[in-house]
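In my numbering, the protein residues as written are 4 to 304. Working notes for the structure below.
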Amino acid sequence: MMRFACFVLPLLVLLGAAAVHAEKNNEKTVSSMSENGTNAIPPEKQIIVDALGLARSMRAEDHAELLARLTSPDFLAELDDETAYSGRPERLRLRRIMDELTRNPLAGARQVLVALTTSRVFMAEDARIDLLIAASSVIKPPPPEVVRFWDAHWQPDDGFSNLTVAAVVKNGDEAAVALLEKKMANPDFDMEEKLHWLHGPLLSHRLDLPLLQSCERMLLTGLPADLEVKLVETLFDYRPREWYLPSIPYNPPLLETAGEAVLLQVQKIGVMARERFALDARLEARVKMTLEQVQKLLEAR
4 MMRFACFVLP LLVLLGAAAV HAEKNNEKTV SSMSENGTNA IPPEKQIIVD
54 ALGLARSMRA EDHAELLARL TSPDFLAELD DETAYSGRPE RLRLRRIMDE
104 LTRNPLAGAR QVLVALTTSR VFMAEDARID LLIAASSVIK PPPPEVVRFW
154 DAHWQPDDGF SNLTVAAVVK NGDEAAVALL EKKMANPDFD MEEKLHWLHG
204 PLLSHRLDLP LLQSCERMLL TGLPADLEVK LVETLFDYRP REWYLPSIPY
254 NPPLLETAGE AVLLQVQKIG VMARERFALD ARLEARVKMT LEQVQKLLEA
304 R
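Here it is, written out as structure tokens:
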């Protein structure tokens, strides 16, 4: 069940994007009708149009107004009814608002997301928590309340962990990777679940410098022995047929796109891994090949 939950996420994102596209087209049609004077925007459409305008706004007072609405039970019930919550979170109209908030770089928009992590009203529905976890990846640096929110929704068998680890790794801030290290060292999470973290979000971000530095620390001091080689495997190898469902693999970033600091960090970890751990023939070859590639890239710069 955990394997399915982890690797079905990319598919859900695609489905959610299709739903958002359909909703946008519908709103454009309604807006056009209104401009032509043929019909006014019905109230059930006006609520989302207004909220999206607040989410896109450059004005702090609009962000404060949006927060007041998103923490109002009446507004949330009008935005998405009980029937909507019986479906997938990405089909909620709230998804559109959260997406716009993540695109808005202003501090006021970020503060809306921060405040929602402590709102009992907003978090009364698991689907809203799902959307908030995904959106929280853009909060940099994450304040203590966001880190506590991640921690609270990254517990064994809680149904949120696969989303939270993805958000934390994508965030990549010092406080985020510190939480990752804590969870990787936690024996309450089983090996299979941790392998999903490694072969999913960590592999996709394995050339992010803060994450690489975190991986070095884990390999030196903070990782259970049975996971050390698995982490090296994640950083230097790629086995899609073995690790993923056939239709939903994760892809590693290309080493050629890495900056000098990242290349030096990969080199440092690779040398350490060959010295400290008993690597099988395949992994030894992969680490050696990567180190040779890194050296060539460094010499070419």
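Backbone N, C-alpha and C define an ideal beta-carbon position, used for all residues, glycine too. Computed from a predicted model, the values in this text were never measured in an experiment.
Check: Straight-line Cα distance separating H208 from A261; Outcome: 11 Å
Check: Own chain, CB closer than 7 Å to V172, minus 5 neighbours either side, in chain order; Outcome: L183, P204, L205, H208 and L214
Check: K299 Cβ short of 6 Å to the ligand SAM heavy atom set; Outcome: Ligands are entirely absent from the displayed structure, and the ligand SAM is therefore not among its contents.
Check: Option in A127, M187 and Q114 with minimal Cα separation from T224; Outcome: M187
Check: CB contact flag (A138, L166, <7 Å); Outcome: no
Check: Own chain, CB closer than 8 Å to E302, minus 5 neighbours either side, in chain order; Outcome: none
Check: Under 7 Å between C-beta atoms of D211 and G175; Outcome: yes
Check: DSSP-derived helix/strand/coil call for W200; Outcome: helix
Check: Close-in-space but distant-in-sequence residues of the same chain around V150 (CB under 7 Å, 5 per side omitted); Outcome: A178 and L182
Check: Beta-carbon proximity list for K233, same chain, < 7 Å, skipping 5 on both sides; Outcome: L198 and L201
Check: CB of T120 within 7 Å of CB of F78, strictly; Outcome: no
Check: Under the three-state DSSP convention, the category S60 falls into; Outcome: coil
Check: CB-CB length for L82 against L69, believed under 8 Å; Outcome: That belief does not hold up - the Cβ atoms of L82 and L69 are roughly 12 Å apart, past 8 Å.
Check: For I136, three-class secondary structure by DSSP; Outcome: helix
Check: Buried/exposed call for S140, threshold 16 Cβ in 10 Å; Outcome: buried
Check: Outcome for K299 when other beta-carbon atoms lying within 10 angstroms are tallied against a minimum of 16; Outcome: exposed
Check: L55 and E103 closer than 7 Å at C-beta; Outcome: yes
Check: Cβ-based neighbour list, A130, same chain, cut-off 7 Å, excluding 5 preceding and 5 following; Outcome: Y88, P92 and L95
Check: Whole-angstrom distance between P249 and P144, CA atom to CA atom; Outcome: 36 Å
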